[in-house]
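Following the working numbering, the numbering of the sequence shown begins with 216 at its first residue and continues without gaps.
Working notes, structure below.
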Amino acid sequence: LMSQRVHDREHRTMMVRTMAERALLIGDDGPGRFCLDYWPVGGAKTGSHGGSLFSRWPISSAAQRTPNLKRLSYPGPRGAIPSVKAMMFREGLQEAEARQVIELALREGKLPGELAKKCQKLLAGRMEFLRLYHTARPFLYAHGRGWQAMSKELFDLAGEATRGVAK
């Protein structure tokens, strides 16, 4: 349904932002095979790994487990500096957690009828967004759908669901 392989140069930041939620929807254990700091280093082989820390040793192979996304940060004067993709991934994790809050409230059947319907509609809409975003022209689709408003709606509804369960 939706590939979880995100490559350094090939995918937009929104693809990274939606990885965690897509993993939940497809029953994946997570969006793995990516690294924080496999920066370019001297003496590394070039080619598909682009002279990164991953390809520094002359005889090594991870075969199909090779990381696809190698740099979620940049080297800074005092350590790693997060990239936009790293920050988007963090925001995506928060959205996936908000989704889980709503799903749990629905599963436990503790939400009032109208709120439950609102939650179900939101989750169905997000699933459709993620499905179409991944297969359509993502950069146009995400911005055309107003992803910031969708995020706000998700967090607002997760808050309502939490309060609804507490009643």
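From the three backbone atoms N, C-alpha and C, an ideal C-beta is built for every residue, glycine too.
For the beta strand (DSSP E) containing residue i, name the first residue and the last one.
| i | result |
| --- | --- |
| G431 | Here the chain has residues from 216 to 382 only, and residue 431 is not among them. |
| G374 | Here G374 belongs to no beta strand (DSSP E); instead the alpha helix (DSSP H) covers 362 to 381. |
| G294 | 294 to 297 |
If you run the structure through DSSP and keep just helix, strand and coil, what is residue i?
| i | result |
| --- | --- |
| L204 | Since the first residue shown for the chain is 216 and the last is 382, residue 204 is missing from the structure and cannot be characterised. |
| G328 | helix |
| M217 | Its pLDDT being 38, under 50, M217 is placed unreliably by the model, and the measurement read from it follows with that caveat. Residue state, collapsed to three classes: coil. |
| E323 | coil |
| G340 | helix |
Just how far apart, CA to CA, sit residue i and residue j?
| i | j | result |
| --- | --- | --- |
| M302 | L321 | 29 Å |
| G294 | K367 | 32 Å |
| T377 | E329 | 15 Å |
| K333 | F370 | 13 Å |
| V380 | R227 | 37 Å |
| P297 | L326 | 38 Å |
| M342 | M365 | 12 Å |
| A331 | P292 | 49 Å |
| L308 | P290 | 23 Å |
First and last residue of the alpha helix (DSSP H) that includes residue i?
| i | result |
| --- | --- |
| E399 | Lying outside 216 to 382, the shown extent of the chain, residue 399 is not represented and no answer is given. |
Any idea which residues DSSP pairs residue i with across the strands?
| i | result |
| --- | --- |
| F304 | F304 is not bridged to any residue. |
| D252 | R286 |
Okay, do the segment 290 to 309 and the segment 320 to 338 touch, 3+ Cβ pairs below 8 Å being the bar?
no
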